[in-house]
Structures are given as C-alpha cells and as structure tokens.
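Numbering (our numbering), first residue to last: 14 to 135.
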C-alpha cells in the first residue's frame, strides 16, 4: 500500500462519518421543526428571567453581607477596646486590693502596738 491508497481510505472513512452526522442532524432538525422552536425560545426566555431574578436577589444578599461584615468589624474593634479597658480595670483593682491589704496590716500593727502600750508593757 502506498501513500495515495492510505489517503483515499482515510478520506472514505471521514466522508462516511460526515454522512452519519448529517443523517443524525437531519433527524434532530425534523424533531425541532415547527412549534418546538417556539417552545424552546419561550423556555429560554423564562429561564433568562429567572436567572435575572436570582442575580438580583444575590446582589441584594451580597449588599446585606457587606453591611453585616462592617458591623462585625465594628464589633471586633469595640471588643478590642473593651479588652484594654478590662485590663486597666483589673490592674487598678489589684493595686486597690494591695493598698487595702497594706492598710489592714498597718492598722493591725497599730492596734497591737497600742494594746501593748496600754497594758504598761513598754
């Protein structure tokens, strides 16, 4: 077999494939012919309208999400500020508790020294 014979066989196979596809396409066109095209166009119009409605709802939902994201961001900033304020309050409370303990100890020392002096033990 030479090159021209192989090329002719390949051309025959490709032509047969084109004929088969043409027959299939003709059957599909006969099925779609007539009122079926109108039904297809109407269905496409309905689906396009529904897609527009869904996109509109998604746009609204994304707008609400952006608003919620800003609110969450503001809440996080407030939480950070409150954390700092709580830390300051805890430090102040610790200092007050230490001062109260020192005052109690000093007062207890003053009372015990006054008791010893009052009893004549000096």
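Backbone N, C-alpha and C define an ideal beta-carbon position, used for all residues, glycine too.
In the displayed model, residue 14 falls within coil according to three-state DSSP, outside both helix and strand. For the pair residue 86 and residue 71, the Cα-to-Cα distance works out to about 22 Å. Here DSSP, grouped into helix, strand and coil, assigns residue 46 to coil. Across the structure, residue 105 and residue 98 are spaced so that their CA atoms are roughly 11 Å apart.
Our two residues, residue 35 and residue 63, have alpha carbons roughly 35 Å apart in a direct line.
Distance from the CA of residue 100 to the CA of residue 68, rounded to the nearest whole angstrom, comes to 47 Å. Counting only residues of its own chain and dropping the five nearest sequence neighbours on each side, residue 16 has no CB closer than 8 Å to any other CB. Cα atoms of residue 14 and residue 21: separation of roughly 11 Å, rounded to the nearest angstrom.
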